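Numbering (my numbering), first residue to last: 29 to 436.
Following this line, the structure appears as structure tokens:
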């Protein structure tokens, strides 16, 4: 995002206002010129847009290499997640805050030509905004033919830190590979939008995170970035080791930039792969979504359609008007629910009463984490899991008792 000079003063005033606000600022209305024509419910799709990479663990016989493939999938998804589907040169913009009950569906397909037998992978994505205060998005990502499935939930808290905006995420993803009866527990990194006052912000990840697997391997990632005294943007170093190895002897390492390219090396330090996001073979597959007229009124691109069109045209008055229509309608629905004593019903996901859920494999993986990591990955707004019975009711046209449209 590069802000025009005419908007820079307004941006500085907005940041100055945020500095007076204590606590979460995620629900404060942002200036229209920093908005992206996308919604937070679309973010889980970035995990699915390289279908062959998503299903690669199902075709790998080595457990340690399956962990490497999961790490590679994780790292390859970060650039488009944290740059909001934009290129590094285009910079960062703010996605729309999803409204309660917002839905997003899509599919990605590609051909894996590296396997002994060429195959097609089709990954489908179901995403739903399951909570608005605090904002929580849940998603289910699945490729049935190869038996690879993931589900995740993320609760976000946004605060101002100096001239940067800090977005803290609580929650986690669970990836399962049916063929090997394996489960992987994946973290959701916090992100800092740096250099906001310049009008050309960029995302930065910091801290150390772990992916743990039921096969006995851990991938530990340390993210670093540009500082006042030097360094480069979007850097990381990762190592894979046996979870039981107290010395953490690396079987594989990966290092470089999660927004451009990184190298993977074996235990001897020999580079075995250079993964460049710019290479043609690593480009995301085309996203398939239904035409707007065939979408449910609760789907993100239809519900926000007029707002997204105004953002693309740069019509700031129209952006504010269309955005306010939907947000005000949502406030009225919440008031009506409160007056009638009704609770909101989610369409595809169920909140579990337990700290995690009843999945023993997931519980054992949480036991491998220290208290800090476990607390961060459990989250503070419940554990949300995909409910196949609810999905079936949706497909049968039954769904929940929500209004016909998010406008009430």
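The C-beta atom is built at its ideal place from N, Cα and C for all residues, glycine as well. Here the structure is a predicted model, which means the values were calculated and not measured.
Opposing strand residues paired with residue i [DSSP bridges]
i: residue 250; result: 236 and 265
i: residue 315; result: 136
i: residue 289; result: 304
i: residue 188; result: 193
i: residue 174; result: None; residue 174 has no bridge partner.
i: residue 412; result: 379
i: residue 245; result: 270
i: residue 282; result: 266 and 292
i: residue 299; result: 293
i: residue 166; result: 156 and 181
i: residue 119; result: Per DSSP, none; premise fails for residue 119.
i: residue 131; result: 156 and 327
i: residue 204; result: 177 and 211
i: residue 231; result: 221
i: residue 54; result: Answer is none; residue 54 lacks a bridge partner.
Whole-angstrom C-beta distance between residue j and residue i, which should lie under 8 Å
i: residue 14; j: residue 198; result: With the chain covering 29 to 436 only, the question about residue 14 has no answer from this structure.
i: residue 135; j: residue 108; result: 17 Å between Cβ atoms; not a contact.
i: residue 195; j: residue 186; result: 5 Å
i: residue 117; j: residue 58; result: About 22 Å; that fails the 8 Å criterion.
i: residue 272; j: residue 248; result: Rounded, the Cβ-Cβ distance is 14 Å, inconsistent with contact.
i: residue 96; j: residue 268; result: 6 Å
i: residue 158; j: residue 412; result: 6 Å
i: residue 131; j: residue 328; result: 7 Å
i: residue 234; j: residue 259; result: Not a contact, Cβ separation roughly 11 Å.
Residue range of the beta strand (DSSP E) that includes residue i
i: residue 344; result: Where residue 344 is concerned, there is no enclosing beta strand (DSSP E), although the alpha helix (DSSP H) it sits in stretches over 344-368.
i: residue 333; result: Premise fails: residue 333 lies in the alpha helix (DSSP H), 333-341, not in any beta strand (DSSP E).
i: residue 151; result: 147-160
i: residue 454; result: Lying before the first or after the last residue shown, residue 454 is absent from the chain, which here runs from 29 to 436.
i: residue 210; result: 210-214
i: residue 122; result: 122-124
Close beta carbons around residue i, own chain, < 7 Å, minus the five adjacent residues each side
i: residue 436; result: 357, 360 and 361
i: residue 415; result: 376, 377 and 378
i: residue 222; result: 192, 229, 230 and 232
i: residue 34; result: Legend: pLDDT at residue 34 = 44, less than 50; position of this residue unreliable, no value from coordinates given.
i: residue 79; result: 136, 137, 138, 149, 150, 151, 171 and 313
i: residue 83; result: 149, 171, 174 and 176
i: residue 427; result: 375 and 421
i: residue 125; result: 54, 55, 68 and 163
First and last residue of the uninterrupted alpha helix (DSSP H) at residue i
i: residue 100; result: 91-110
i: residue 426; result: Neither: residue 426 is in no alpha helix (DSSP H) and is coded neither H nor E.
i: residue 391; result: 388-395
i: residue 405; result: 399-406
Sequence-distant residues of the same chain with beta carbon closer than 6 Å to residue i, five excluded per side
i: residue 330; result: 320 and 323
i: residue 63; result: 122 and 339
i: residue 393; result: 213 and 240
i: residue 178; result: 169, 201 and 203
i: residue 238; result: 246 and 248
i: residue 381; result: none
i: residue 317; result: 134
i: residue 344; result: 60
i: residue 91; result: 243
i: residue 284; result: 290 and 291
i: residue 276; result: 269
Same chain only: Cβ atoms within 8 Å of residue i, ignoring 5 sequence neighbours per side
i: residue 432; result: 325
i: residue 310; result: 78, 104, 303 and 304
i: residue 29; result: Bear in mind that a pLDDT of 46 at residue 29, under 50, signals an unreliable position, so the number given afterwards is only what the model happens to contain. Excluding sequence neighbours, residue 29 sits near 62, 118, 119, 120, 121, 227, 228 and 229.
i: residue 288; result: 107, 116, 262, 304, 305 and 306
i: residue 88; result: 94 and 97
i: residue 434; result: 127, 129, 130, 325, 326, 331, 354, 357, 358 and 361
Check your understanding: What are the start and end residues of each continuous alpha helix (DSSP H) run of 4 or more residues lying completely inside the segment 58-87, in chain order?
Key -> Those alpha helix (DSSP H) runs which fall completely within the segment 58-87 and span 4+ residues are 79-83.
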